[in-house]
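Asker: Chains as they are written, first to last, in the working numbering: chain A, 8 to 227; chain B, 137 to 394; chain C, 159 to 380. For every residue, glycine included, the Cβ atom is placed at its ideal position computed from N, Cα and C. Would you mind keeping the following structure in view while I ask a few things?
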Amino acid sequence: MYQPDFTDILLNVDLLARGAWITIALWAIAFAFGLAVGLGLGLVRSSGNRWLSLPAAAYVEVFRNTPVLVQLVWFYYAFPVLTGWQMSGFTAAALGLALNTSAYCAEIYRGGIASIARGQWEAGRALGMGWARLMRRIILPQAVRRMIPAFTNRGIELGKMTAIASVIAVHELMYEARLLSSQTFRPLEVFTVIAVIYFIVIYPGTLLSYRIEARMARRS
Amino acid sequence: MTEAPLLRTEALVKRFGDLTVLDGIDLAVQPGERIAILGSSGSGKSTLLRCLNFMELPTAGRVHFHGAPVGTAGSRGEVRYRERDLADLRRRIGMVFQQFNLFPHMTALENVMEGPRTVLGQPRAAAEAAARAELARVGLADRGDAYPARLSGGQQQRVAIARALAMQPEVLLFDEPTSSLDPELVGEVLRVIRALAEEGRTMLLVTHELGFAYHFATRVLFLHDGRILEDGPPERILKTPREERLQQFLARFTEFGF
Amino acid sequence: MEYQWDFSVVARHLPLLLEGLAQTLRLSLAAIAGGLAIGLVLALMRLSGRRWLAWPAIAVIEFFRATPPLVHLFWVFYALPILIGVNLSPFAAAMLALSVQSGAFFAEVYRAGIVSVERGQWEGARAIGMRPAQVMRRVVLPLALRRMVPPFVERAFELVKTTALAATLAYGELLYQAMVAVSRSYRPLEIYSAVAVIFFLVLFGASLVMRRIEDRLRRVER
Ligand SMILES: Nc1ncnc2c1ncn2[C@@H]1O[C@H](COP(=O)(O)OP(=O)(O)O)[C@@H](O)[C@H]1O
Ligand SMILES: [Mg+2]
């Protein structure tokens, strides 16, 4: 019978804590950036201007139809060859995750905007509002409320994605776990603990999304 | 009448693909006129109203506002419209919709203030005072803080009227303002419109309330297949219709009368 | 200096990459099959109305949906063998981890589909004298299955993308073979770009096909 031993993990708790901080930083940067860039892309996709909309659609489809690991590897190993700018793993991961998230968010914005009834546009236009003002004052405030469950979901998915940054040597939680596992020869303990840590951090997001969805269901 | 028409259309045509919805409309609206527009479903009534404030762009023909044509004619006779000019025009033409189209994320008061605040750039205090006055005019002085979802259909439509009035429009367009209301709520909206009529406002009203049209309007149009088939004072149009189409149309309203 | 593209590198390593693609598809299909089976079991447990069945199912579903797939992969490959005393091949580990992971998501698709069939359908079928089992088989399941197709497809696409993680276990799927090719050629730009293009063509092409099929299914329901 295998005897679990957690002393090595306890001795290295500071390492894991540092990794967890980097995970959180990665998540926050990528999510903030993804929400902002996604908004721009979503607006372009909703503008009805084909010359703007088509490139935006291509961007969205490229990021949604390739594995995020391939994207991170590409930004870390291939992009510097193209630009001559050698990014740190953290920068590459933040960039890749941010762009990936922005593509998904763009679709959320686009769908949310499209879900607003035509009458809202007409009422705004009848008051003499232009596209930008209508979008800002009438459409987006309503649409964003409907998007909140999807954004919450995106935040959860992004949280899980950050673990992939370990592959390009970002010293986030998963990386520290892999390191610890290979140094201590205790993969069972290490990866079990790591799984539980991720669960503790991410599951509140799931619970939050359940509450939001229940509240929205009640309202409609 | 010596005054220039407030609004005038000239050979107005609107097509959606192959479908010709407006087929050469010539109409002059004098200040102070109250025009009721009748016609069966699909005859182009809404489209006509929506071409007047350019919610739809005409396929051909022109619209003149205060004697000046809207848009600029290009070299091959096509007319170009600048969205900014159209937005400026819409500020001066109020529109009330069948489905109210209130902004659900704003209170009644905020709905009424929105245009004056953001489009006309009025200071908040002035816009709020004016909005309260408009709400009072439609009999909803005490419901300013309510969200649309908390209001009955009749109340929502009255807020929508107040919202249009707050822009101080020169013309009001009503597109079947009572058609989606429960019968017992129709009266409160019609009373508000009648009060506006008594102020001498210029209005165009698409409606199926023939009785109201008769008392309200200074002039009645009957639209059929995108053309104005009859045009005249309510007494003449509704009591002694000449066109067979109009007679049939009116007969449908009396079929189940008692 | 302007970068000199050299796509002959891609051409030279194309057999390797295509072999990787085949492995990607093999792992994807295996995990989809496993995930569908595990998901069905989890969904039925959850809908059984018996706590001792429902609660473990809920725990599995919630846990796997709230933890990174990469952690599942590493746990199955490095930690599970310690418990069961058998080493797993990278393929077996990846397939097992991804099956359970996607099964947690598939379970929710099954459940939502079954729950989505309106009471009216049940009542309509009962009213013409059908027995409960008949109603389930002839009315509820056909309706539910049709509604499940789009979310199943979406999940399956997510799963195909997730298989790239198996590269970290040195399983010879597309990304791993690309890493091998890069280590031989020192041409990361061309090769990783080619990998992205291959994934894109496969996934985007498949999504276009699936969209047409879904459109047809939707028309049937109307
Ligand atoms: N945006 C549109 N696109 C295509 N057809 C339209 C559009 N708007 C109106 N129509 C068509 O134009 C005709 C007249 O519509 P409308 O002006 O709404 O009639 P009414 O208000 O008299 O019922 C109808 O056949 C309608 O289907
Ligand atoms: Mg109409």
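(1) Which residue wins for smallest C-alpha separation from B/A328, given the options B/D367, B/D318, B/F348, B/L225?
(2) Can you give me the Cβ contacts of C/G243 inside the same chain, cut-off strictly under 8 Å, excluding the 5 residues immediately before and after it?
(3) Does the separation of the CB atoms of B/R227 and B/V199 fall below 8 Å?
(4) In this structure, how does DSSP classify C/H171 when only helix, strand and coil are distinguished?
(5) Should B/S315 be counted as a contact of ligand 1 given a C-beta to heavy atom distance under 7 Å?
(6) Confirm the yes/no value for this check: CB of B/L155, any heavy atom of ligand 1, distance under 7 Å.
(7) For the beta strand (DSSP E) holding A/I207, just list the boundary residues, first then last.
(8) Against chain C, with Cβ distances strictly below 8 Å, would A/S107 count as a contact?
(9) With which residues is B/L357 paired in a DSSP beta bridge?
(10) B/A82 to B/L193, Cα distance in whole Å?
(11) Identify, in the order they occur along the chain, each residue of the same chain with its Cβ nearer than 7 Å to the Cβ of B/G393, setting aside the five sequence neighbours on each side.
(12) Mind checking the segment 60–77 of chain A against chain C and listing, in chain order, the residues whose C-beta falls within less than 8 Å of any C-beta there?
(13) Let's see if you can read the secondary structure: which residues bound the beta strand (DSSP E) around C/V338?
(14) Could I get the ranges of all uninterrupted alpha helix (DSSP H) runs contained in the segment 145–212 of chain B, with 4 residues as the minimum, in chain order?
(15) Enumerated in chain order, which unbroken segments of the alpha helix (DSSP H) with a length of 4 residues or greater are wholly contained in the segment 32–115 of chain A?
(16) Quick one: Cα of A/R140 to Cα of B/G323, how far?
(17) Check whether the Cβ atoms of A/M154 and A/I115 sit closer than 8 Å, and answer yes or no.
(18) Within the segment 200–240 of chain C, note down every full beta strand (DSSP E) run reaching 3 residues or more, in order along the chain.
(19) Quick one: is A/L229 near chain C, going by C-beta distance under 8 Å?
(20) Quick one: using the 10 Å Cβ neighbour count with 16 as the cut-off for buried, is A/F38 buried or exposed?
(21) For ligand 1, is there any heavy atom lying closer than 7 Å to the beta carbon of B/K181?
(22) Could you give the distance in angstroms between the alpha-carbon of B/R260 and the alpha-carbon of B/R273?
(23) Less than 7 Å separating the Cβ of C/G287 from some heavy atom of ligand 1?
(24) Could you check whether B/D311 and B/S179 sit closer than 8 Å to each other, using their CB atoms as the reference points?
(25) For the alpha helix (DSSP H) containing B/M249, list its first residue and its last residue.
(26) Please check if any C-beta of chain B sits within less than 8 Å of the C-beta of A/L134.
(27) Is the beta carbon of C/L179 sitting closer than 8 Å to the one on C/I349?
(28) Give me the chain A residues within the contact set of B/H241, using Cβ-Cβ distance strictly less than 9 Å, ordered along the chain.
(29) So, does the CB of B/F310 fall closer than 8 Å to a CB anywhere in chain A?
(30) Please return the same chain residues whose Cβ sits closer than 7 Å to the Cβ of B/G175, not counting the five positions on each side in sequence.
(31) With respect to the alpha helix (DSSP H) encompassing C/F249, which residues constitute its N-terminal and C-terminal limits?
(32) Just the C-alpha distance for C/G278 and A/R161, rounded to the nearest angstrom, thanks.
(33) With DSSP run on the structure shown, which of helix, strand or coil describes A/V174?
(34) Three-state secondary structure (DSSP) at B/T390?
Answerer: For this structure:
(1) Translated into the one-based positions of the second sequence, residue 328 of chain B becomes position 192. In the sequence on display, residue 328 of chain B carries Val and not Ala. Of the candidates B/D367, B/D318, B/F348, B/L225, the one whose C-alpha sits nearest the C-alpha of B/V328 is B/F348.
(2) Translated into the one-based positions of the third sequence, residue 243 of chain C becomes position 85. So no residue of the chain qualifies.
(3) Here residue 227 of chain B refers to the residue found at position 91 of the second sequence. Here residue 199 of chain B refers to the residue found at position 63 of the second sequence. Going by C-beta atoms, B/R227 is not nearer than 8 Å to B/V199.
(4) Here residue 171 of chain C corresponds to residue number 13 of the third sequence, with the count starting at 1. The answer is helix: DSSP assigns C/H171 an H, G or I state.
(5) Position 179 of the second sequence, counted from the first residue, corresponds to residue 315 of chain B. No, the Cβ of B/S315 stays beyond 7 Å of every heavy atom of ligand 1.
(6) If you number the second sequence from 1, residue 155 of chain B lands on position 19. Answer for B/L155: yes, Cβ within range of ligand 1.
(7) One-based indexing of the first sequence puts residue 207 of chain A at position 200. Not the beta strand (DSSP E): A/I207 falls in the alpha helix (DSSP H), residues 194–226.
(8) On the first sequence, residue 107 of chain A is found 100 positions in, with the first residue counted as 1. This sequence places Asn at residue 107 of chain A; Ser is not what is there. False, the Cβ-Cβ gap to chain C never drops below 8 Å.
(9) As a position in the second sequence, residue 357 of chain B is number 221, starting the count at 1. Beta-bridge pairing links B/L357 to B/I173, B/D367.
(10) Since the first residue of chain B shown is 137 and the last is 394, residue 82 of chain B is not available in this structure.
(11) The residue given as residue 393 of chain B occupies position 257 in the second sequence. Nothing meets the Cβ criterion.
(12) E68, V69, N72, T73, P74, V75, L76, V77
(13) Taking the first residue of the third sequence as position 1, residue 338 of chain C is located at position 180. Run containing C/V338: none in the beta strand (DSSP E); it sits in the alpha helix (DSSP H), 332–343.
(14) Runs found: 181–188.
(15) As far as the segment 32–115 of chain A is concerned, its whole alpha helix (DSSP H) runs of at least 4 residues are 57–71, 75–80, 86–90.
(16) As a position in the first sequence, residue 140 of chain A is number 133, starting the count at 1. As a position in the second sequence, residue 323 of chain B is number 187, starting the count at 1. Rounded to the nearest whole angstrom, the C-alpha separation of A/R140 and B/G323 is 35 Å.
(17) Against the first sequence, residue 154 of chain A aligns to sequence position 147. Against the first sequence, residue 115 of chain A aligns to sequence position 108. Contact: yes.
(18) List check, beta strand (DSSP E) in window: nothing returned.
(19) In the structure as shown, chain A begins at 8 and stops at 227. Residue 229 of chain A is therefore absent and cannot be evaluated.
(20) Numbered from 1 along the first sequence, position 31 holds the residue referred to as residue 38 of chain A. Classification of A/F38: buried, given that the 10 Å Cβ count is 16 or more.
(21) By 1-based counting over the second sequence, the position of residue 181 of chain B is 45. The answer is yes for B/K181.
(22) For the purposes of this step, residue 260 of chain B is taken as the residue at position 124 of the second sequence. For the purposes of this step, residue 273 of chain B is taken as the residue at position 137 of the second sequence. Those two C-alpha atoms are separated by around 20 Å.
(23) Within the third sequence, the letter at position 129 stands for residue 287 of chain C. Not so, every heavy atom of ligand 1 lies at least 7 Å from the Cβ.
(24) Here residue 179 of chain B corresponds to residue number 43 of the second sequence, with the count starting at 1. Here residue 311 of chain B corresponds to residue number 175 of the second sequence, with the count starting at 1. In this structure, B/D311 does not lie closer than 8 Å to B/S179 by Cβ.
(25) For this step, residue 249 of chain B is matched to residue 113 along the second sequence. Start and end: 244–250.
(26) Mapped onto the first sequence, residue 134 of chain A falls at position 127. Yes - at least one Cβ of chain B is within 8 Å of the one on A/L134.
(27) On the third sequence, residue 179 of chain C is found 21 positions in, with the first residue counted as 1. On the third sequence, residue 349 of chain C is found 191 positions in, with the first residue counted as 1. No, these two residues do not count as a Cβ contact at 8 Å.
(28) On the second sequence, position 105 is the one that residue 241 of chain B refers to. Under the 9 Å cutoff, chain A gives I145, P148, Q149, R152.
(29) For the purposes of this step, residue 310 of chain B is identified with residue 174 of the second sequence, where counting begins at 1. Under the 8 Å criterion on CB atoms, B/F310 is classed as non-interfacial with respect to chain A.
(30) To locate residue 175 of chain B, count along the second sequence from 1; it is residue 39. Only K181, F358, L359, H360 meet the Cβ criterion.
(31) Within the third sequence, the letter at position 91 stands for residue 249 of chain C. Run containing C/F249: 248–274, per the alpha helix (DSSP H) assignment.
(32) The residue you call residue 278 of chain C lines up with position 120 of the third sequence. The residue you call residue 161 of chain A lines up with position 154 of the first sequence. C-alpha separation (whole angstroms): 34 Å.
(33) Mapped onto the first sequence, residue 174 of chain A falls at position 167. Reduced to three states, the DSSP call for A/V174 is helix.
(34) Along the second sequence, one-based indexing puts residue 390 of chain B at 254. DSSP places B/T390 within a helical segment (H, G or I) once states are collapsed to three.
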